[in-house]
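Residue numbers (full-length UniProt numbering): 1 to 565. Read the structure below first, then the notes.
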Ligand code: ADP
Ligand code: MG
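Structure follows, in structure tokens:
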């Protein structure tokens with residue numbers, strides 16, 4: 001292998017040459033303590049920056065294996081190291097000068113959630129660390145400014161690598177706290193099913209966020225406090241006893257006046273499928289990690305989905321056991337979202353009346369009397385919610401501020417009162433007695449059919465010329481077709497969206513064969529990610545993009561929203 005001296009000599013030779021000569025630097029170089037790979041070199045100073053990686057042997061990094069021997073610990077440590085490295089790089093960002101993106105140095109930016117990312121991975125057996133980052137190779141006009149790059153690669157980077165990835169140089173107490181928190185979080189996750197719970201919210205949690213554009217905790221918020229009747233105390237391995245609200249399986253209704261914090265609680269539960277970093281305020285808000293936020297999504301496309309659980313006898317005679325549309329209504333989209341989430345294996349629905357189609361959620365008694373049942377294609381969710389729990393084991397947590405209809409079917413009713421939940425089940429049930437009951441159907445119809453065979457799409461080529469583009473967190477484009485994920489609300493990072501684009505491409509090239517159904521394809525994809533790592537879905541021939549791991553539920557969501565499937 002070439003050495004760092006070879007690289008330095010090469011750079012000195014190409015100084016002042018035309019920018020494309022930078023391409024000669026591609027390759028691997030042995031530095032003191034790590035190997036530097038120059039994986040991809042940008043074509044000009046304004047193009048997206050060059051891709052580099054460093055591999056630090058486990059023996060040099062020196063992390064004790066007890067810090068990364070289990071997946072949840074490893075992901076937490078990887079996440080923490082990515083943050084440390086990002087912070088170090090930031091202090092050197094644009095310290096080397098030049099035109100265009102000269103001097104940029106960056107690595108994936110992590111938000112409040114702890115995700116598995118391709119940016120930094122640790123080999124579970126050797127402890128070898130591999131980190132991918134970007135550098136804007138410096139230019140003077142359109143020529144090579146080699147001495148600026150030498151500053152980056154020979155002064156800045158070695159310092160960043162050593163101060164972020166050498167265990168001996170890190171604050172060991174902080175590192176241990178990261179591993180301990182991940183174990184505590186994992187412990188809560190494992191306790192949920194054993195205790196018959198679908199979510200846990202610790203007392204003292206801070207649920208609201210700083211603002212609509214910042215997911216940091218709100219300062220001076222009212223801390224969460226569990227109602228006595230739902231109090232559960234868990235004995236965490238590191239934290240010790242921790243008390244909070246255990247949301248029992250079944251149907252839970254959250255009511256309360258406007259602005260009393262209902263949606264904020266639900267939002268925290270939606271993101272409780274992920275672990276959060278220390279001091280987020282939601283680090284002990286843990287939700288069943290198959291949970292799906294259900295909402296209306298007018299305009300989405302639906303492909304051969306069996307929505308007959310909710311919609312039947314449409315006036316246009318369309319078959320709802322294999323329903324397709326390019327432009328769904330609020331209620332049909334929400335019906336499809338339910339069935340597709342069942343297909344994705346969820347055991348908890350999270351629903352906010354603010355973002356639901358009213359005619360999907362309820363149909364009041366008066367309306368039932370005036371418009372006869374037989375003339376209404378929609379069986380509202382309220383008539384199915386109990387069957388979904390009893391027959392399919394799917395719980396629901398529903399926020400409803402304006403309609404009391406769900407009092408009748410809920411097992412537990414919480415009222416948010418100035419941001420503090422109170423359990424009011426007995427009182428609400430008593431009051432509800434005076435109101436006419438919604439007639440509920442006797443039993444659930446047959447299970448929806450999930451056998452949707454996927455045909456491969458001819459617009460994909462094996463030569464690496466497929467075009468992928470991520471449009472922030474909310475959408476991606478694949479061969480010019482946009483997949484809109486704006487309403488897939490549990491996506492929390494644009495790198496997850498990028499991963500979904502690559503997942504779809506990978507499925508098109510390797511998994512879809514005209515025989516397997518969607519479930520088999522997604523299961524196989526998830527198995528590949530689990531066994532070979534997330535980077536396995538990055539097909540060779542593509543410049544490595546940084547990916548963050550999405551859940552299976554979001555993979556289904558993305559595939560279901562791809563109009564060319
Ligand atoms: P609802 O859905 O009941 O109408 P929201 O959850 O939207 O209410 O909350 C209304 C406002 O109160 C939001 O601006 C939110 O940030 C704020 N808020 C929510 N929970 C808290 C809390 N625990 N402490 C302080 N402010 C909060
Ligand atoms: Mg609300």
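Where a beta carbon is used, it is the ideal one built from N, C-alpha and C, also for glycine.
Beta-carbon spacing of residue i, residue j below 8 Å
i, j, result
"residue 131", "residue 119", "yes"
"residue 301", "residue 486", "no"
"residue 565", "residue 303", "yes"
"residue 2", "residue 34", "no"
"residue 389", "residue 398", "no"
"residue 233", "residue 242", "yes"
"residue 73", "residue 148", "no"
"residue 54", "residue 161", "yes"
"residue 164", "residue 67", "no"
"residue 102", "residue 138", "yes"
"residue 260", "residue 417", "yes"
"residue 536", "residue 528", "yes"
"residue 335", "residue 307", "yes"
"residue 391", "residue 444", "yes"
"residue 339", "residue 309", "yes"
"residue 414", "residue 254", "yes"
"residue 550", "residue 511", "no"
"residue 476", "residue 467", "no"
"residue 284", "residue 246", "no"
"residue 110", "residue 143", "no"
"residue 404", "residue 353", "no"
"residue 104", "residue 49", "yes"
Three-state secondary structure (DSSP) of residue i
i, result
"residue 217", "strand"
"residue 164", "helix"
"residue 297", "coil"
"residue 415", "strand"
"residue 517", "strand"
"residue 208", "coil"
"residue 176", "helix"
"residue 137", "coil"
"residue 34", "strand"
"residue 68", "coil"
"residue 530", "helix"
"residue 16", "coil"
"residue 231", "strand"
"residue 275", "strand"
"residue 316", "coil"
"residue 394", "coil"
"residue 22", "helix"
"residue 29", "strand"
"residue 639", "As shown, the chain starts at 1 and ends at 565. That puts residue 639 outside it, with no answer to give."
"residue 117", "strand"
"residue 352", "strand"
"residue 477", "strand"
"residue 155", "helix"
"residue 4", "helix"
"residue 304", "strand"
"residue 342", "helix"
"residue 347", "coil"
"residue 471", "strand"
"residue 358", "helix"
Contact test: residue i Cβ vs the ligand ADP heavy atom, cutoff 7 Å
i, result
"residue 207", "yes"
"residue 422", "no"
"residue 488", "no"
Integer-rounded CB distance, given that residue j should sit under 8 Å from residue i
i, j, result
"residue 548", "residue 116", "7 Å"
"residue 509", "residue 478", "Wrong, their Cβ atoms sit about 12 Å apart, outside the cutoff."
"residue 332", "residue 362", "About 16 Å; that fails the 8 Å criterion."
"residue 553", "residue 514", "The pair is not a contact, with the Cβ atoms about 25 Å apart (cut-off 8 Å)."
"residue 213", "residue 77", "Not quite, the Cβ-Cβ distance comes to about 29 Å (not below 8 Å), so this is no contact."
"residue 295", "residue 113", "The pair is not a contact, with the Cβ atoms about 20 Å apart (cut-off 8 Å)."
"residue 281", "residue 227", "19 Å between Cβ atoms; not a contact."
"residue 181", "residue 286", "Wrong, their Cβ atoms sit about 12 Å apart, outside the cutoff."
"residue 61", "residue 129", "5 Å"
Residue i: CB within 7 Å of a non-hydrogen atom of the ligand MG
i, result
"residue 364", "no"
"residue 352", "yes"
"residue 88", "no"
- prompt: Which residues, in chain order, sit with a beta-carbon under 5 Å away from any heavy atom of the ligand ADP?
  reply: 208, 221, 222, 258, 259, 260, 261, 262, 263, 264 and 419
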